[in-house]
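Residue numbers (this note's numbering): 534 to 1288.
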């Protein structure tokens, strides 16, 4: 049987010819960003008979498989008796540093294009030309080689042979994966009520190449119900890859457990979990230079061997596994995991690897996307996370400091121009703008060019930080539309300008395009229209809502009509503390009490422990490390001699993804309606949505707040045997607006608590 593998020419030659160390974080990104503009400038100089952006493709047989390659050559230059393949490359380096053999990968790419074109047009030889352009000076340098068809063919098959060791591993695994996923059965004897419906909806969404918004109550088993049908779709040939996107470490663990369960039931699959760079880096400081990090030195020389080794040996590739093989092959664990993301079948990672334009996995080509689905867990979190991804800010003080540090230097001139511009902005007192400051963007682009030149010469932390901020600002500026607003924040001599994304829907939709299917799911996509609207939903998208499979009488719901508004907190503190005691006395076992802020929580904790010193308590601390969080949750044992009452922050690390099953948790008390703190950005959001015909206050404050309340309450009932108490403290819970946002399982509430 002949196996076919499709890959772009660029990705193929980069796999074979990459070598050396990981470059510093900025790499040659500016040159990459400038690439399109510079290519177009060069292509404008072509003659009438010349062609640009010529698409080429070929099927190259090798042993028992066929490699399908394609790409676009920048220029096809035609003379009477010859054809020249022109490959254009922009660079921030001085052209004196670029010699004919400096970049073998560039020759390889152009030779592939020449081979394919010559084969299609029966040419016996072509000229291969590399054109380098310095992005600052626009100076050009060219190298040429005349190659026969036979020479190019020999070269191409040599590259394929190098790639073949990886292909053999990949093809052998793919056969096992497809066979085992096709025969895989659901890993439990029966489906929970609603679980089959969710799994069926996910499979249909993949089959129909659609987008699904699924609201499925806590405890239904959403993780396995989304992963299982996606894996089955792989066996049916509908998918090649899936991404399971999460916002928090604890939900990533649930996904890992679901995949491990399927592996235990016979599935052969490669699953990667990407850990954040600052967590997995072996060094004290994450500086990716050969001088600072031995795992960066010669990284690419050892990378291919590391990839093949781990793929041959492992199925579940989590943090500890990555670290083991990274040390074994002496490669950077983070860059290693990014490389593996293109080779495995399933990737568990943060939202930003798909949706953030600054860090997304850009080598995932359109053809690959067509056979890839994204499963977005706890999708309600993506709204505010996306606002962060598509926003950017710069500070005047950074440029002022750089002007002083780099005296009599072109970088100082560029930094001064930005500093002066922001001073003028300050004087104008125009602090809210609907439009983009185009002049500032141009100044930042010039600064970026000079910064890259300096960063090639020296290490400077402030320059690197400012460079990244400027790059991000320019990148976000390219996305700027009517869903953005520019605002200026003044504090003494500091001027901070921010491009603020008000509505991320268009950007989420754009970044998710090309994938075969997208599934957004959560227990709390309430109200559905709000989340569908802000997550880039379209009229033709599928929407499903699955109620809790558990008897709602298992939960006693109480609403206590005390005001938790800031102005009333002092006078309602004492009755609230007594209410806590009344509620926890109703049922044996452990409780969690959620508060809208750390200060409110601490005040209540002090008064509660003073009033009831015999009750065992524990309180959340600011910035808890992962081990501290685990230790905190471990205290909630079902067999404790005395109950434990935990004081935690609403919307914080213990509000979502925490799974205290069985008797580990018997009650949840939520203080307040979760409303975000009133502030400039929230009010800007409110005004924007009001201006486009929505209820601005609800969009900015009510809906995000109630989501936190629903998530906190969801910590209680995690299985059909769980029972307990949910108490909501705030008189606003009795208003119609908030009543409409309560799930069906909570609508049998009663008001007040009998002592």
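Beta carbons: idealized from backbone N, C-alpha and C, even for Gly.
Rounded to a whole number of angstroms, what is the C-alpha to C-alpha distance between residue 1232 and residue 1215?
Taking the chain shown and counting its residues from 1, the one referred to as residue 1232 is at position 699. Taking the chain shown and counting its residues from 1, the one referred to as residue 1215 is at position 682. Cα to Cα, residue 1232 sits roughly 9 Å from residue 1215.
For the structure I just gave you, are there three or more beta carbon pairs, one from the region 762 to 782 and one from the region 901 to 921, closer than 8 Å?
yes
Is residue 894 near the ligand FMN, with its Cβ less than 7 Å from a heavy atom?
Annotation note on the ligand FMN: not contained in the displayed structure, which lists no ligands.
Rounded distance between the beta-carbons of residue 616 and residue 1295, thought under 8 Å:
Here the chain comprises residues numbered 534 to 1288, so residue 1295 is not present and cannot be evaluated.
Who are the Cβ neighbours of residue 639 in its own chain at under 7 Å, not counting the five residues just before and after it?
For the purposes of this step, residue 639 is taken as the residue at position 106 of the chain shown. Correct list, in chain order: 620, 622, 663.
Closest by C-alpha distance to residue 637, when choosing among 1016, 987, 679, 547
Position 104 of the chain shown holds residue 637. The candidate whose alpha carbon is nearest that of residue 637 is 547.
Residue 1024 - partner residues in DSSP beta bridges
Position 491 of the chain shown, counted from the first residue, corresponds to residue 1024. Answer is 1027.
Exposed or buried, residue 588, counting other C-beta atoms within 10 Å across all chains shown (16 or more means buried)?
On the chain shown, residue 588 is found 55 positions in, with the first residue counted as 1. Answer is exposed; the Cβ neighbour count stays below 16.
Proximal residues to residue 686 (C-beta, below 7 Å), its chain only, five neighbours per side dropped
Along the chain shown, read from residue 1 onward, the residue named residue 686 stands at position 153. Counting only Cβ-Cβ distances below 7 Å, and skipping sequence neighbours, we find 648.
Report the rounded CA-to-CA distance for residue 727 versus residue 1082, giving the unit in angstroms.
As a working note, residue 727 is residue 194 in the chain shown. As a working note, residue 1082 is residue 549 in the chain shown. Their backbone Cα atoms lie some 7 Å apart in a straight line.
Whole-angstrom C-beta distance between residue 1201 and residue 1095, which should lie under 8 Å:
Position 562 of the chain shown, counted from the first residue, corresponds to residue 1095. Position 668 of the chain shown, counted from the first residue, corresponds to residue 1201. About 17 Å separates the two Cβ atoms, so there is no contact after all.
Residues bridged to residue 665 by DSSP?
Taking the chain shown and counting its residues from 1, the one referred to as residue 665 is at position 132. Note: residue 665 sits in a beta bridge opposite 622, 674.
Could you tell me which residues DSSP puts in a beta bridge with residue 550?
Start at 1 with the first residue of the chain shown, and residue 550 comes out as number 17. Paired residues: none, contrary to the question.
Going by CA-CA distance only, name the one from 1278, 1175, 1192, 1240 that's closest to residue 1205.
Here residue 1205 corresponds to residue number 672 of the chain shown, with the count starting at 1. Looking at the Cα atoms, 1240 is the closest of the given residues.
What's the call for residue 1004, buried or exposed, on a 16-neighbour Cβ count within 10 Å?
Position 471 of the chain shown, counted from the first residue, corresponds to residue 1004. The residue in question, residue 1004, is buried, as its Cβ has 16 or more Cβ neighbours within 10 Å.
Give me the DSSP bridge partner(s) of residue 1077.
To locate residue 1077, count along the chain shown from 1; it is residue 544. In the DSSP output, where bridge partners are listed per residue, residue 1077 has 747.
Quick one: what's got a C-beta closer than 7 Å to residue 1067's C-beta in the same chain, skipping five residues either side?
On the chain shown, residue 1067 is found 534 positions in, with the first residue counted as 1. Once the five neighbours on either side are set aside, the close Cβ partners of residue 1067 are 916, 1036, 1037, 1038.
What residues in its chain sit with their C-beta under 6 Å from that of residue 723, if we drop five residues either side in the sequence?
Here residue 723 is taken as the residue at index 190 of the chain shown, counted from 1. Correct list: empty, nothing qualifies.
Beta-bridge partners of residue 1262, as assigned by DSSP:
Taking the chain shown and counting its residues from 1, one reaches residue 1262 at position 729. According to DSSP, which records beta bridges pairwise, residue 1262 is partnered with 1093, 1204.
Tell me whether the beta-carbon of residue 688 lies closer than 8 Å to the beta-carbon of residue 644.
For the purposes of this step, residue 688 is taken as the residue at position 155 of the chain shown. For the purposes of this step, residue 644 is taken as the residue at position 111 of the chain shown. Yes, the pair counts as a contact, with Cβ atoms nearer than the cut-off.
Among 1031, 1025, 862, 802, which has the Cα closest to the Cα of residue 924?
One-based indexing of the chain shown puts residue 924 at position 391. Considering only alpha carbons, the answer is 1031.
With DSSP collapsed to three states, give me the class of residue 1127.
Counting from 1 along the chain shown, the entry for residue 1127 is found at position 594. Strand, per DSSP.
Should residue 650 be labelled buried (16 or more other beta-carbon atoms within 10 Å of its own) or exposed?
Locating residue 650 in the chain shown gives position 117, counting from the first residue. Burial call: buried.
Nearest to residue 1209 (by Cα), restricted to the options 1098, 797, 537, 769
Taking the first residue of the chain shown as 1, we reach residue 1209 at position 676. For residue 1209, the nearest C-alpha among the options comes from 1098.
Along the chain, which unbroken stretches of the beta strand (DSSP E) at least 3 residues long are found entirely within the region 1209 to 1233?
none
With respect to the beta strand (DSSP E) encompassing residue 631, which residues constitute its N-terminal and C-terminal limits?
On the chain shown, residue 631 is found 98 positions in, with the first residue counted as 1. Unbroken run through residue 631: none, as it is neither H nor E.
Helix or strand or just coil, what does DSSP make of residue 563?
The residue given as residue 563 occupies position 30 in the chain shown. At residue 563, the pLDDT of 41 sits below 50, so the modelled position is not reliable; the number obtained from the coordinates is stated separately. Here residue 563 sits in helix by DSSP.
Residue of 857, 899, 922 minimising C-alpha distance to residue 883:
Translated into the one-based positions of the chain shown, residue 883 becomes position 350. The candidate whose alpha carbon is nearest that of residue 883 is 922.
Would you say residue 928 and residue 1027 are within 8 Å of each other, going by their C-beta atoms?
As a position in the chain shown, residue 928 is number 395, starting the count at 1. As a position in the chain shown, residue 1027 is number 494, starting the count at 1. Yes, Cβ-Cβ distance for residue 928 and residue 1027 is below 8 Å.
Looking at residue 936 and residue 948, is the spacing between their C-beta atoms short of 8 Å?
Counted from its first residue, the chain shown places residue 948 at position 415. Counted from its first residue, the chain shown places residue 936 at position 403. For residue 948 and residue 936, yes; Cβs fall inside 8 Å.
Simplified DSSP assignment, three categories, for residue 1153
What you label residue 1153 is simply residue 620 of the chain shown in a count that begins at 1. Residue 1153: coil per DSSP, three-state reduction.
For the region 806 to 819 against the region 847 to 866, are there 3 or more C-beta pairs whose distance is under 8 Å?
yes
Between residue 1280 and the rest of its own chain, which residues show a CB-CB distance below 6 Å, the 5 nearest in sequence each way excluded?
On the chain shown, position 747 is the one that residue 1280 refers to. None.
Determine which residues share a DSSP beta bridge with residue 536 and list them.
Reading the chain shown from its first residue, position 3 is the one you call residue 536. DSSP lists 598 as partners of residue 536.
Please state the DSSP three-state secondary structure of residue 777.
As a first step, residue 777 must be located in the chain shown, where it is residue number 244. Here residue 777 sits in strand by DSSP.
Out of 1087, 646, 571, 737, which has the shortest C-alpha to C-alpha gap to residue 1076?
The residue you call residue 1076 lines up with position 543 of the chain shown. Among 1087, 646, 571, 737, the Cα nearest to that of residue 1076 belongs to 737.
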